[in-house]
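Colleague:
Residue numbers (the numbering used here), protein chains in the order written: chain W, 18 to 131; chain B, 9 to 121.
1. Which of the three DSSP states is assigned to residue 56 of chain W in this structure?
2. Flag this pair as yes or no: are the beta carbons of residue 99 of chain B and residue 48 of chain B separated by less than 7 Å?
3. Cβ of residue 93 of chain W less than 7 Å from any chain B Cβ?
4. Following the continuous beta strand (DSSP E) through residue 29 of chain B, name the residue where it begins and the one where it ends.
5. Taking 7 Å as the threshold (beta carbon to beta carbon), is residue 80 of chain W in contact with chain B?
6. Would residue 35 of chain B and residue 82 of chain B qualify as a contact pair, given that the criterion is a beta-carbon distance under 7 Å?
7. How would you label residue 102 of chain W, buried or exposed, when you count the other beta carbons within 10 angstroms and need 16 or more for buried?
8. Rounded to whole angstroms, what's the CA-CA distance from residue 62 of chain W to residue 82 of chain W? Just pull it up for me.
9. With a threshold of 7 Å between beta-carbons, can residue 66 of chain B be considered close to chain D, or not?
10. Which chain W residues sit within Cβ distance under 9 Å of residue 13 of chain B?
11. Let me know if residue 72 of chain B comes out buried or exposed under the rule of 16 or more other beta-carbons within 10 Å of its beta-carbon.
12. Does the Cβ of residue 27 of chain W have 16 or more other Cβ atoms within 10 Å, making it buried, or fewer, making it exposed?
13. If you pair each beta-carbon of the stretch 120 to 128 of chain W with each one of the stretch 70 to 87 of chain W, do three or more pairs fall below 8 Å?
14. Quick one: which residues of the stretch 54 to 82 of chain W get their C-beta closer than 7 Å to a C-beta of chain B? List them in chain order.
15. Can you check whether the C-beta of residue 90 of chain W is within less than 7 Å of a C-beta belonging to chain B?
16. Give the range of the beta strand (DSSP E) segment to which residue 73 of chain B is assigned.
17. Contact criterion: CB-CB distance below 7 Å. Does residue 119 of chain W meet it with respect to chain B?
18. Check the Cβ of residue 56 of chain B against every Cβ in chain W and list those closer than 9 Å, keeping chain order.
19. Taking all protein chains shown into account, do 16 or more other C-beta atoms lie within 10 angstroms of the C-beta of residue 113 of chain B, making it buried, or fewer, making it exposed?
20. Per DSSP, what are the beta-bridge partners of residue 82 of chain W in this structure?
21. For residue 108 of chain B, does the count of other Cβ atoms within 10 angstroms reach 16, so buried, or fall short, so exposed?
22. What residue range does the beta strand (DSSP E) around residue 19 of chain B cover?
23. By how many angstroms is the C-alpha of residue 44 of chain W removed from the C-alpha of residue 14 of chain B?
24. Go through its chain and collect everything with a Cβ distance to residue 95 of chain W's Cβ below 7 Å, but skip five positions before and after it.
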C-alpha cells in the first residue's frame with residue numbers, strides 16, 4: 018500500500034502564480050487534512066474534510082481553497098501565490114471514527130514562492 | 009490561537025539518558041492525545057497515543073504520562089539512542105466532533121553518542 022501520496026514533492030512558484038497540490042490516499046479513510054509546516058510553528062491546519070462532500074476551514078485558511086474530489090483525493094489550491102505561502106505542505110488522512118484515530122501523513126510538498 | 013503548548017523547543021540528551029518533552033492543553037473537550045515523530049524530509053508518523061481515562065501508557069522505551077487535572081501530558085524516552093534524534097510533536101483532538109488534530113510547535117531532539 019502506498020498510504021498517502023502527495024504530488025509534486027517540490028515546486029517553485031513566482032508571486033501571483035497559481036497551482037494545485039494533489040493528495041490521494043488508498044486506505045479508504047473518511048477524513049483528510051491539509052497542514053503547513055513552518056520552522057518553529059509546528060503543523061498548522063489549513064483545511065480539512067471530515068467526510069466526502071464536506072470541507073471546513075482550519076487555523077490558517079486564507080489564500081487557499083480545497084476540493085474533496087472523491088473519497089480518495091483531496092486537493093489544495095493556491096490561487097495567487099505569495100511569499101508568505103512558502104512552506105512544507107502535508108496531507109493526512111484518518112478513518113475519522115472513534116476507535117481508529119491514527120492520522121497517516123504524506124511525504125510533504127516543499128513549496129517556495131519567489 | 010495555540011491550544012497545545014509544547015516545551016522545550018529543542019533538547020540535547022546523551023546516549024542512554026532520558027528525554028522528556030512536555031505539553032499543556034487548554035480545551036478540556038480534547039479526548040485523544042498522540043505524539044508524532046518526524047525525521048528530516050519525511051512526514052510525521054504516530055509514535056504513541058493516550059486517552060484521558062488512563063494516566064500512563066508505555067510502549068517499549070516510550071511512555072506518555074497524562075495529568076488530566078493539570079491539563080498536561082508528557083513524553084518520556086528512556087535509554088535515548090542516536091536513532092531517536094528527530095522532531096517530536098504532541099497533539100490533541102476531539103474525536104467525536106470530527107475535528108482535526110491540533111499540534112504543538114514541536115521539539116527537536118538530538119541524542120549525542
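All C-beta atoms, glycine included, are put in the ideal place defined by N, C-alpha and C.
Modeller: Looking at the coordinates:
1. Reduced to three states, the DSSP call for residue 56 of chain W is coil.
2. Residue 48 of chain B sits away from residue 99 of chain B, with the two beta carbons spaced by 7 Å or more.
3. Chain B contact via Cβ: absent.
4. It spans 27 to 33 - the beta strand (DSSP E) in which residue 29 of chain B sits, taken as one unbroken run.
5. Chain B, which has no Cβ nearer than 7 Å to the Cβ of residue 80 of chain W, makes this no.
6. Cβ atoms of residue 35 of chain B and residue 82 of chain B: not closer than 7 Å.
7. Residue 102 of chain W comes out buried.
8. The alpha-carbon atoms of residue 62 of chain W and residue 82 of chain W are separated by roughly 13 Å.
9. Checking the listed chains, one finds no chain D in this structure; the protein chains it contains are W and B.
10. For the C-beta of residue 13 of chain B, not a single chain W residue is nearer than 9 Å; the gap to the nearest is close to 10 Å.
11. Counting the other CB atoms within 10 Å of its CB gives residue 72 of chain B a total of 16 or more, which places it among the buried residues.
12. Under this definition residue 27 of chain W is an exposed residue.
13. Judged by Cβ distances under 8 Å, the stretch 120 to 128 of chain W makes no contact with the stretch 70 to 87 of chain W, as fewer than three pairs qualify.
14. Of all residues in the stretch 54 to 82 of chain W, only 57, 58, 59, 60, 62, 65, 67 and 75 come within less than 7 Å of chain B when Cβ atoms are compared, listed by chain position.
15. Taking Cβ atoms only, chain B never reaches closer than 7 Å to residue 90 of chain W, which makes this a no.
16. Per DSSP, residue 73 of chain B belongs to the beta strand (DSSP E) from 70 to 75.
17. Residue 119 of chain W counts as touching chain B.
18. By Cβ distance, chain W contributes nothing, its closest Cβ being about 11 Å from residue 56 of chain B, past 9 Å.
19. Residue 113 of chain B should be labelled buried.
20. According to DSSP, which records beta bridges pairwise, residue 82 of chain W is partnered with W:94.
21. The residue in question, residue 108 of chain B, is buried, as its Cβ has 16 or more Cβ neighbours within 10 Å.
22. Its beta strand (DSSP E) spans residues 18 to 22.
23. Spanning the alpha carbons of residue 14 of chain B and residue 44 of chain W requires a straight line of approximately 31 Å.
24. Counting only Cβ-Cβ distances below 7 Å, and skipping sequence neighbours, we find 35, 36, 80, 81 and 102.
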